[in-house]
Structures are given as structure tokens and as C-alpha cells.
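With the working numbering, letter number 205 in the sequence shown gets 764, and the count goes up by one each step, no holes.
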Amino acid sequence: MERENQTAITEFVLLGLSGLLELQALLFLVFLMSYIIALTGNLFIFTLTLADPALHTPMYFFLRNLSFLEISYTSVTLPRMLANLLLEDKTISFTGCATQMYFLLFFGGTECFLLGIMAYDRYAAICHPLHYPCIMNNVRCTVMAAVSWLSGIFMSFGQTSVIFILPFCGSHEINHFFCDIPPILKLACGDTFLTEIVVFIVALVFITFPFVLILVSYLLIITTIMKMPSAEGRHKAFSTCSSHLVVVTLFFGTGTVMYLRPNSAYAPDIDKLLSLFYTVITPMLNPIIYSLRNKEVKEALRRVITRMCFLNSGR
């Protein structure tokens, strides 16, 4: 009978921002605009890097992967958030919650490794420019990207499995926008210490390893840049790295606070705020950061528009 009571929960309730009823319409418009900007901007980067042959380089190959990740990442969370702001029924099925968490961790874990690879790519381009075509050839870039995606698949499956095999009883209200690890663990019955350890270790690997790779890469990059005799060369090298550093700081900063801390330190309001950074703000800012501060992207856009105008005029 006790086991039946523990497994009786078949759905959860996503509370979200239910305490701010008077702001639901305003929040819906803000999140909707953020979703549109994120989708449009990342789709723009993805399409442009495919359409212009000059952007068929390792750097833009990984950027294309990142844009696709951001499109997928926001689509896992934001549509549900928007629906909850409009509808009175805020329930999500047990299976739907597990599925949402799986894809959230899948895309998030993949992005961790992809950002690390992008830092290594910048290291190879700046510190070893003569050997860069050999170091970052097409085969190696494809393998690196594939490893990032596969690592995300296996990590998310393992993390989701160890959490949703836990017995759930009592409250079924998730004090969050979506099904994330910390608020779900709060609803589990019994001793979750071992599960928390497993979650922490996996998160530590997926956050720390890419972050260390990024840190070492940029230390070597900065050392190389400072040795450059030309001020113009130093400025150009720094400009190619600054965009990536901004994205890394936003993504890893919030991820570290969310997943590398004890479950006892879980604070719903703070977690909701932090979750907005990696589910809304970062995907929305990525295309802006990479396009507005990137001359190659601007020139590629001009070439694509010119080519389209020429084709239309020839008809």
C-alpha cells in the first residue's frame, strides 16, 4: 500500500509565476517577444552560415551547431512557459515532465561541450595559425561536434533516469517554470542523498571539464595575443574571442550556481531568476553578440542579399 501511494502521482503542476497574477499578460508578451527574437536570430545565424561559402569554416560550423542548440533549447521550455501564463490548467504529465527534463539536459549538456570546443578552435586559430587547417580539418570538426551531441544524449538519459525512478508522494506542485532537476528532487520521497551525489558528479564533469578547457585555451590565447607586435592584430584577435567569452560567462555562470550546489540550498525564487538567463536571455543574446560585433557575418549578409537581388533581377 505504501508503494502504491508513492507511485500514485501521474502528473505535476508547474506553478511558474502563479503568484503574480496581475502581471501574467505582461509576462506573456515579454516571453513571447524573447522567444521570437531567439528563434529569428538563431535561425538567421544558422541559415547565413549555410548560405555563404565564406562562412564554411570550423568557427562558423560550431556556431551553426550552437544556433541550432539554442533554437531547440528555447523550444523545450518557452512554449510551455507561455501556455502556463495563459491557461488555468498548469498540469504536465509524469511522462511529459520526464521528457522535458531529458531534452533540457540533452541540449544543455551538449552546449557545455560545444562551448569548450569553440574555445579550443579559437586557441588553434590564434596560437597555431599555420597549422590551423590541419588541426581543425573537416573530419575532426565533425567528430568533435558528434562527440558533443552524443555526450549530451547519454548524460541526459542517465540523469533523467536516476531522478524519475525515485518515488514521489505528497505534493506534486513544481515551484518552477519547467521540469528541472532541483525542484523535482524536492518532491521525491525518502532519502535522495545518493541521487544528489550522482547528479552532482555528472554535472561537475559536464560543467568543469569544458570550463577548464575554455580557461586554459583563453590563458594561452591571451599570452599569444600579448606577444603580437601589431596593435591592430591584437585588437582583431581579442574581438574574435570576446563574443564567445560573453556567452561562456552567461551560460556557465548560471549553470554552476544551479547544478553545483547542495539540494538543501535550493531557493525557488533565485532559481527561477537564474533559469531565465540560460533559457531566455542567453539564447536571445547569442545571435546579437555574434552578428552585431562580427564583420564577417555582416559582409556575408551583404553578399547573400546582393546575390538574391541579382537573381531576382535576372528573372
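Even for Gly, the Cβ is constructed at its ideal location relative to N, Cα and C. Predicted model, so just to flag it, every value in this text is computed and none were measured.
Nearest-angstrom Cβ-Cβ length linking residue i and residue j, presumed shorter than 8 Å
| i | j | result |
| --- | --- | --- |
| residue 662 | residue 635 | 5 Å |
| residue 682 | residue 779 | 6 Å |
| residue 703 | residue 765 | Contact doesn't hold; Cβ gap of about 16 Å is too wide. |
| residue 675 | residue 772 | 4 Å |
| residue 690 | residue 827 | With a Cβ gap of about 50 Å, residue 690 and residue 827 do not count as contacting. |
| residue 677 | residue 803 | 6 Å |
| residue 652 | residue 569 | 7 Å |
| residue 587 | residue 644 | 4 Å |
| residue 818 | residue 740 | 7 Å |
| residue 594 | residue 637 | 4 Å |
| residue 573 | residue 649 | 5 Å |
| residue 617 | residue 680 | 5 Å |
| residue 843 | residue 597 | 4 Å |
| residue 718 | residue 761 | 6 Å |
| residue 806 | residue 848 | 6 Å |
| residue 657 | residue 716 | Not confirmed; about 11 Å, so no contact. |
C-beta contact flag for residue i and residue j at 8 Å
| i | j | result |
| --- | --- | --- |
| residue 627 | residue 605 | yes |
| residue 816 | residue 832 | no |
| residue 769 | residue 600 | no |
| residue 712 | residue 665 | yes |
| residue 623 | residue 633 | no |
| residue 783 | residue 686 | yes |
| residue 571 | residue 731 | yes |
| residue 733 | residue 742 | yes |
| residue 590 | residue 646 | no |
| residue 728 | residue 700 | no |
| residue 859 | residue 611 | yes |
| residue 554 | residue 669 | Absent from the model: residue 554. The displayed extent of the chain is 560 to 874, so no value can be given. |
Coil, strand or helix - residue i by DSSP
| i | result |
| --- | --- |
| residue 616 | coil |
| residue 570 | strand |
| residue 867 | helix |
| residue 826 | coil |
| residue 687 | coil |
| residue 641 | helix |
| residue 855 | helix |
| residue 629 | helix |
| residue 696 | coil |
| residue 527 | The chain is shown only over 560 to 874; residue 527 falls outside these bounds and no answer can be derived. |
| residue 861 | helix |
| residue 833 | helix |
| residue 804 | helix |
| residue 844 | helix |
| residue 576 | coil |
| residue 646 | coil |
| residue 622 | helix |
Extent of the continuous beta strand (DSSP E) run through residue i
| i | result |
| --- | --- |
| residue 650 | 650–652 |
Boundaries of the alpha helix (DSSP H) in which residue i is found, first to last residue
| i | result |
| --- | --- |
| residue 606 | 583–610 |
For the region 707–795, which segments carrying the alpha helix (DSSP H) assignment without a break, of at least 4 residues, lie completely within its bounds, in sequence order?
Runs of the alpha helix (DSSP H) inside the region 707–795: 740–744, 752–785.
Could I get the ranges of all uninterrupted alpha helix (DSSP H) runs contained in the region 652–680, with 4 residues as the minimum, in chain order?
Within the region 652–680, no complete alpha helix (DSSP H) segment of 4 residues or longer occurs.
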